[in-house]
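Chemist: From first to last, the protein sequence lines stand for chains A and B. Numbering of the first sequence is given in this note's numbering, commencing with residue 13 and proceeding in unit increments. Numbering of the second sequence is given in this note's numbering, commencing with residue 7 and proceeding in unit increments. Where is the CB? At the ideal position from N, CA and C, for every residue including glycine. Keep in mind that this is a model prediction, so the values were computed, not measured.
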Amino acid sequence: RKEVEQDPGPFNVPEGATVAFNCTYSNSASQSFFWYRQDCRKEPKLLMSVYSSGNEDGRFTAQLNRASQYISLLIRDSKLSDSATYLCVVNMGAAGGTSYGKLTFGQGTILTVHP
Amino acid sequence: GAVVSQHPSRVICKSGTSVKIECRSLDFQATTMFWYRQFPKKSLMLMATSNEGSKATYEQGVEKDKFLINHASLTLSTLTVTSAHPEDSSFYICSAPGPQGGDQPQHFGDGTRLSIL
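1) To which residues of the same chain is D89 (chain A) closer than 7 angstroms at the C-beta, ignoring the five residues directly before and after it?
2) With three or more beta-carbon pairs closer than 8 angstroms as the criterion, would you say the region 97-105 of chain B touches the region 33-45 of chain B?
3) To which residues of the same chain is T63 (chain B) closer than 8 angstroms at the C-beta, ignoring the five residues directly before and after it?
4) Sorted by chain position, which residues of the same chain lie with C-beta nearer than 8 angstroms to T124 (chain A)'s C-beta, five sequence neighbours on each side aside?
5) For a cutoff of 8 angstroms on Cβ pairs, would you count F46 (chain A) as touching chain B?
6) Below 6 angstroms CB to CB, which residues in the same chain sit around H13 (chain B) once its five sequence neighbours on both sides are set aside?
7) Please return the same chain residues whose Cβ sits closer than 6 angstroms to the Cβ of F97 (chain B), not counting the five positions on each side in sequence.
8) Could you have a look at S15 (chain B) and say whether DSSP puts it in helix, strand or coil?
9) Name the DSSP beta bridge partners of L86 (chain A), please?
10) Using 8 angstroms as the threshold, is the C-beta distance between S121 (chain B) and F40 (chain B) below it?
11) Distance check for D94 (chain B) and K20 (chain B), CA to CA, integer angstroms please.
12) For a test of the three-state rule: what should DSSP assign to P92 (chain B), helix, strand or coil?
13) 8 angstroms is my cut-off, CB to CB: does Q119 (chain A) come that close to chain B?
14) Using a C-beta cutoff of 8 angstroms, does L86 (chain A) count as contacting chain B?
15) Against chain A, with Cβ distances strictly below 8 angstroms, would F114 (chain B) count as a contact?
16) Does S61 (chain A) get closer than 8 angstroms to chain B when you measure Cβ to Cβ?
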């Protein structure tokens, strides 16, 4: 089983649509969770951190379910500029441990928003 | 905010050449930096953890003699791909935890696209 698993898509949606991405992780000791977006041939850019209480940033909502080891990202009112690869990222290390700060990336979910 | 600068952004060179990539934290100190590699249509894979003042820690399957890492100061880590071959062509990217610590979002360099002919 992959450490971080995502549906690779691709997702093709019209502008204005709502789209949801899912991610599961295998290590129950994982410490922190993020969604990054990566545009073609560019570095990943942080979209948002993910907290157990759920968090929202404008059109983006992230949820974390530690019991199920499941992370989600919801994008409402999709824009053309949302087209990118969305990476589910998990930091599996605890402070002071050998894996502290190491990030494990999912394979990414490709989103294309069309007019 | 914290910025990580990576240089060069693009390298094209002949097989057998050694290529050095620099990763600098511009306005904060980074005792640890991470080096990733990304092949086309694949996700980022951690290659190694660069530790200031000590040896790098390599992930399983990554040849330490092939990918030399030197964390020369609190703001600079370098990755040298020695005797590069076409199969080493990839997107290499570094990251550093920000001043807040390792469980916070990391700061990525812009990446280096390496093409070996």
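Modeler: Reading from the atomic positions:
1) Taking the first residue of the first sequence as 1, we reach residue 89 (chain A) at position 77. Correct list, in chain order: G28 and R71.
2) yes
3) Here residue 63 (chain B) refers to the residue found at position 57 of the second sequence. Excluding residues within five positions, the ones whose Cβ falls inside 8 angstroms are A54, T55 and N57.
4) Position 112 of the first sequence holds residue 124 (chain A). Taken in chain order, the residues that qualify are P22, F23, N24, V25 and S95.
5) Counting from one through the first sequence, the residue named residue 46 (chain A) turns up at place 34. Interface residue, yes.
6) On the second sequence, residue 13 (chain B) is found 7 positions in, with the first residue counted as 1. These residues qualify, in order along the chain: E28.
7) Numbered from its first residue, the second sequence carries residue 97 (chain B) at position 91. Correct list, in chain order: Q44, G117 and R119.
8) One-based indexing of the second sequence puts residue 15 (chain B) at position 9. Of the three classes helix, strand and coil, the one that applies to S15 (chain B) here is coil, per DSSP.
9) Numbered from its first residue, the first sequence carries residue 86 (chain A) at position 74. DSSP lists A:A32 and A:T73 as partners of L86 (chain A).
10) Position 115 of the second sequence, counted from the start, is the residue given in the question as residue 121 (chain B). Position 34 of the second sequence, counted from the start, is the residue given in the question as residue 40 (chain B). No, the pair does not count as a contact, with Cβ atoms beyond the cut-off.
11) The residue given as residue 20 (chain B) occupies position 14 in the second sequence. The residue given as residue 94 (chain B) occupies position 88 in the second sequence. Approximately 12 angstroms, taken between the alpha carbons.
12) Sequence index remark: in the second sequence, residue 92 (chain B) carries index 86 (1-based). Residue state, collapsed to three classes: helix.
13) Your numbering for residue 119 (chain A) matches position 107 in the first sequence. Chain B contact via Cβ: present.
14) In the first sequence, counting from the first residue as 1, residue 86 (chain A) sits at position 74. False, the Cβ-Cβ gap to chain B never drops below 8 angstroms.
15) Within the second sequence, the letter at position 108 stands for residue 114 (chain B). Cβ-Cβ to chain A under 8 angstroms: yes for F114 (chain B).
16) Start at 1 with the first residue of the first sequence, and residue 61 (chain A) comes out as number 49. So, interface residue.
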